[in-house]
Structures are given as C-alpha cells and as structure tokens.
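Worksheet: one structure, shown below.
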Amino acid sequence: MVWAGISLRGHTDLHVFYGRTLTGVRYRDEILDPYVRPYAGAIDNDFILMDDNARPHRAVVVEGYLEGHGLERMEWPAKSPDLNPIEHLWDYLGKQVDALSPPPRSLDELEQGLLSVWPSLLISVSCNLIDIMES
Numbered sequence: 240m241v242w243a244g245i246s247l248r249g250h251t252d253l254h255v256f257y258g259r260t261l262t263g264v265r266y267r268d269e270i271l272d273p274y275v276r277p278y279a280g281a282i283d284n285d286f287i288l289m290d291d292n293a294r295p296h297r298a299v300v301v302e303g304y305l306e307g308h309g310l311e312r313m314e315w316p317a318k319s320p321d322l323n324p325i326e327h328l329w330d331y332l333g334k335q336v337d338a339l340s341p342p343p344r345s346l347d348e349l350e351q352g353l354l355s356v357w358p359s360l361l362i363s364v365s366c367n368l369i370d371i372m373e374s
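Going by our numbering, 330 is the number at position 91 of the sequence shown; the sequence numbering is gapless.
Spelled out as structure tokens, the structure:
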C-alpha cells in the first residue's frame, strides 16, 4: 500500500507500507507523526487533513492524536472517493509510471517507479485537482 499527502503548496514524501495490515496505531506512527504533523506545521493555520474515512483513520488512537496535536480534519461523506483529489492523483501517477521505459513488471519495479516519479510531480498537478474538487 502507498500513502502520500498533497496540498496547494506541494506534497509530502511518498510512503510505502510493507507487510502488515494498516491499523490506527500504524497510521499514527508511520503516517501522522512522521509526515502529516511536520507538513501541517509547515502549512501553518491553513492545514486541514482530508482522509478517506477508512477504519484506521477513524480509530480512537488517531482521533486522540489529531486532537492532542491540534490537527483539524475535514468532514466529508464516507465512501465518496471521487471527492478526494488524491484519488485522481493516483490515476495520474499510475499513468506516469506506466510510461516509464521499460514499464514496471514486478512489485519492486513498481515501487521504484513510484518513488522515482513522485518527486517530479508538479505542484500545478495537485493544485488543478484540488481546484476541480472545490468548484
């Protein structure tokens, strides 16, 4: 599984999960603390977290972490991935990786492709997707 965050000001690093199932504790320890909280600090008062309402994102340990660190979460309908700009970004990213020569043929090659394409993602791509969702 892969995770990343986007905003009108840029994006976080890409994180690849290995092995175990994502839990609330794992989400807090591997995503919120090392990626989201520092990114939110850089964005300052404009930061609002948008997730996809997955069970680990709504775990009590996650709710406590967000509240304890003053991180605001956007409220939006469950099961509506079409409203989340990052879902459209995954499609864009997939096309970029598919265009690599040669295209990835294994999970390791896919991971390397994602990690090589992600840093070159233009802020304008994220901004366009976010702007479309806002209108």
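Where a beta carbon is used, it is the ideal one built from N, C-alpha and C, also for glycine.
- Beyond the five residues adjoining it in sequence on each side, Leu353 comes within less than 8 Å, by CB distance, of Val241, Leu253, Val255, Leu332 and Val336 in the same chain, given in chain order.
- Taking 8 Å as the cut-off, the Cβ atoms of Pro295 and Tyr274 do not count as close.
- If you look at Ile282, you'll find it in the alpha helix (DSSP H) that goes Arg276 to Ile282.
- For Ser355, the enclosing alpha helix (DSSP H) stretches over residues Leu346 to Val356.
- Annotated as proximal: Leu310 and Ala279, with beta-carbon spacing under 8 Å.
- Residue environment analysis places Ala243 among the buried positions, since at least 16 neighbouring C-beta atoms fall within 10 angstroms of its C-beta.
- For the 8 Å CB-CB criterion, Leu349 and Pro343 form a contact.
- DSSP places Pro341 outside any alpha helix (DSSP H), giving it a letter other than H or E.
- If you look at Leu332, you'll find it in the alpha helix (DSSP H) that goes Pro324 to Asp337.
- His254 has Trp242 as its beta-bridge partners, per DSSP.
- Within its own chain, the residues whose Cβ lies closer than 7 Å to the Cβ of Gly249, once the five positions on either side in sequence are excluded, are Ile362, listed in chain order.
- Take the alpha-carbon of His308 and the one of Ser359: they are about 30 Å apart.
- For Arg259, no alpha helix (DSSP H) encloses it, and the DSSP letter there is neither H nor E.
- For Thr262, same chain residues with a beta-carbon under 8 Å away, outside a window of 5 residues either side, are Pro295 and Ala298 in chain order.
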